[in-house]
Amino acid sequence: GVLFSRFVNGFIEDLASRFELLKIGWLVFLKNPLFGVGLNNFHYHEIYYQKEITPNLLQPIHSIYFHWLVSVGIVGSISAVYLFINILKRTKNRLAMFLIIEIGIIGLFDHYLITLQQGQLIIAFVLGFYYSVFGQKVKVLV
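Each residue of the sequence shown is one higher than the last, beginning at -16 in this note's numbering.
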């Protein structure tokens, strides 16, 4: 019972802090809705609101989709959604589809795929695998 109560209390505290981070992200997004605050600049804007949660621990938003929206705004998010939809339309390999969907699900709950180097390497590996399988059929806009 003690372990279960500690788990539940920790889980509730974790959810509360994640909702606070979403609220902070929303406030930052409302100041720069079209183009966002820039990649890796969320912490500079977060610091003004973060003092309510804790003064010394800056955390990114725990959803890569909302973090991306705050960072690049509506314009950058529309281009990312367009790219993601094109990737899903062309995927016929089950393993590639599984990996892309897995990244999508993990991205709902954690930020490490875009904020930590290991997560960025995972994304690079999956996209590299995808383009190695479908490289001749995919048009890259460069």
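Built from N, CA and C at the ideal position, the CB exists for glycine as well. Just so it is clear, the structure is predicted and the values come from calculations on it, not from any experiment.
Of the listed residues 89, 113, -1, nearest to residue 126 (C-alpha basis):
With the chain running from -16 to 125 in the structure shown, residue 126 is simply not present.
Start-to-end residues for the alpha helix (DSSP H) that takes in residue 50
47 to 73
Secondary structure of residue 19, DSSP reduced to three states
coil
Smallest Cα separation from residue 99: which of 33, -3, 45, 16?
45
Assess, as a yes-or-no matter, whether the stretch 16 to 26 is touched by the stretch 70 to 82 under the definition of 3 or more beta carbon pairs within less than 8 Å.
no
Rounded to whole angstroms, what is the Cα-Cα separation between residue 14 and residue 43?
17 Å
Would DSSP call residue 14 helix, strand or coil?
helix
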